[in-house]
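2 protein chains.
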Amino acid sequence: MPDDTLSHDLTPYFSMFVEVGIINQIGSAFLEARLPKGLLVSHFGVTSHLSRGFDGATPLELARAFQVAKTTMTHTLGGLEKHGFVELRPNPDDGRSKRVWLTPAGREFRDDAVRQLEPLFQKIAERFPPDQVSAFLPGVSEFRAVIDQLRDEEK
Amino acid sequence: MPDDTLSHDLTPYFSMFVEVGIINQIGSAFLEARLPKGLLVSHFGVTSHLSRGFDGATPLELARAFQVAKTTMTHTLGGLEKHGFVELRPNPDDGRSKRVWLTPAGREFRDDAVRQLEPLFQKIAERFPPDQVSAFLPGVSEFRAVIDQLRDEEK
DNA sequence: TGTTTATAGTGCGATATCGTACTAAATGGA
DNA sequence: TCCATTTAGTACGATATCGCACTATAAACA
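Protein sequence lines correspond, in order, to chains F and E.
Numbering-wise, the UniProt record's numbering puts 144 at position 144 of the first sequence, and it's gapless, one number per residue.
Numbering-wise, the UniProt record's numbering puts 103 at position 103 of the second sequence, and it's gapless, one number per residue.
Next comes the structure, spelled out in structure tokens:
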């Protein structure tokens, strides 16, 4: 009997998803409390993603990156546009599509938010140093990559 | 200069929260796709929590456990009650409060959902074995505990 | 004991997110 | 080239979540 037909103890997956759910809630609350009124984690997430080498991404690419419905991304981008943080221009490669570009104001919004978080992260660092996070981060990333792949396969 | 005044590289925290956000989205989608129509991750989360030794918790305790607003928990419990999955009874120890009790139907809903997830988790196990999750899970839990504590201290 | 303050739960309005359905453009095949 | 199918984005309605305000009860305390 080959290894991969052995039954596994699946409880670690349950525990992992539970922990992740709580960390996500806490992290979102931390961030949102430090954003200007009316701006949300989703807005920060998009500007941050664009600023990290994905400027000019399409709305659909952004929706996939964050694993949200494309209608949700339309809504989020609308908010960012209203604040002047992104510009949507036609996609020259595809008439159905658009490309999202970060404005200077958008970059500033993102950088400000990062700065606002730093004191909190310093506090975390006193109790849970960053290299301890670095120790398990590759594993967590790999896990994310695997389930990301599986999700795509589920169509 | 003592260690804890040294400046740290905080990027692992950012990366961690980003990964956690995506894992949470994917995990929620996985679960929700396997729940009966009209029932959500929040409903599963509460029944699962109750069944794991917290039966009789108060709504506020549940809101804190999941880090959601107490009005959100009121809403979630309303849905569970409508489906007959929980019962809310007065809290004999506190006239302002209630206690939430899982019904047999609620326990079955939870167990069914777990069963529906098993094939998927087996698939994950083929590509990312559970003991690899177990390897970093304690670190992740500890991280969660630390930020949980910090959140409480933020008032 | 009476009064002030804090806490548990809910009603309500605002909005973020999602699923469905639609339009327009691209793609693939006859 | 024409038509069927797929894909990108959006409009719309449903609902999950949140913040604020309110009521009832408990706790603190003069």
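Where is the CB? At the ideal position from N, CA and C, for every residue including glycine.
Got a sec: is the Cβ-Cβ distance from residue i to anything in chain F below 8 Å?
i	result
E/F54	no
E/F109	no
E/R99	no
E/Q122	yes
E/I137	Note on identity: in this sequence residue 137 of chain E is Leu, with Ile being the wrong assignment. It does; some Cβ of chain F falls within 8 Å.
E/F44	no
residue 171 of chain E	This structure does not reach residue 171 of chain E, given that chain E is present from 1 up to 155, and the question cannot be answered.
E/D112	no
E/V115	First, the residue type needs correcting, since residue 115 of chain E is Arg and not Val in the sequence shown. No, because no Cβ of chain F sits closer than 8 Å to the Cβ of E/R115.
E/R96	no
E/R64	no
E/R144	yes
Bridge partners for residue i per DSSP, in chain order?
i	result
E/F89	The sequence shown places Arg at residue 89 of chain E, rather than the Phe named in the question. Note: E/R89 sits in a beta bridge opposite E/R99.
E/D94	E/N91
Quick check: what's the CA-CA separation for residue i versus residue j?
i	j	result
F/R144	E/G95	45 Å
E/E81	F/S141	38 Å
E/V86	E/H49	12 Å
F/H8	E/T72	35 Å
E/R52	E/D111	11 Å
F/L35	E/D93	40 Å
E/A65	E/F17	19 Å
F/H75	F/G38	13 Å
F/L40	F/Y13	29 Å
F/G45	F/G106	11 Å
F/V20	E/V20	6 Å
F/D131	F/L88	39 Å
E/V133	F/V133	15 Å
E/H83	F/I22	25 Å
E/Q149	E/K70	19 Å
F/D55	F/R151	25 Å
F/A125	E/L10	8 Å
F/P129	E/F136	15 Å
E/E26	F/Q67	For the record, residue 26 of chain E in the displayed sequence is Ile; it is not Glu. About 7 Å.
E/V114	F/N91	44 Å
E/S42	E/A63	11 Å
E/V146	F/T47	28 Å
F/P138	F/N24	18 Å
E/Q116	E/E108	12 Å
E/P104	F/E154	32 Å
F/G79	E/S15	25 Å
E/R127	F/R127	33 Å
Check the Cβ of residue i against every Cβ in chain F and list those closer than 8 Å, keeping chain order.
i	result
E/Q67	I22, Q25, I26, A29
E/L150	L120, K123, I124, R127
Just checking: is the beta-carbon of residue i within a distance shorter than 8 Å of some beta-carbon in chain E?
i	result
F/F128	yes
F/P2	In this predicted model, F/P2 has a pLDDT of only 49, less than 50, meaning its place in the structure is not dependable; the value taken from the coordinates is given anyway. No, F/P2 lies away from the interface with chain E (no Cβ there is under 8 Å from its Cβ).
F/L104	Leu is not the amino acid found at residue 104 of chain F; the sequence shown has Pro there. No, because no Cβ of chain E sits closer than 8 Å to the Cβ of F/P104.
F/R34	no
F/H8	yes
Just to make sure I have the definition right: I need the residues of chain F whose C-beta is within less than 7 Å of the C-beta of residue i. Which are they?
i	result
residue 168 of chain E	A question about residue 168 of chain E goes unanswered here, because the residues of chain E that appear run from 1 up to 155.
Whose Cβ in chain E lies nearer than 8 Å to the Cβ of residue i?
i	result
F/P12	P130, D131, V133, S134, L137
Using the beta-carbon of each residue, which ones in chain E are nearer than 9 Å to residue i?
i	result
F/V86	Result: empty, since nearest Cβ-Cβ is about 19 Å, beyond 9 Å.
Show which residues of chain F have a CB atom less than 9 Å away from the CB atom of residue i.
i	result
E/S141	S15, E19
| Stretch-stretch touch, CB-based, cutoff 8 Å, three pairs: the region 43-62 of chain E with the region 81-101 of chain E | yes
| request: Kindly confirm or deny that the region 117-126 of chain E and the region 25-42 of chain E touch, where touching means at least three C-beta pairs closer than 8 Å. | output: yes
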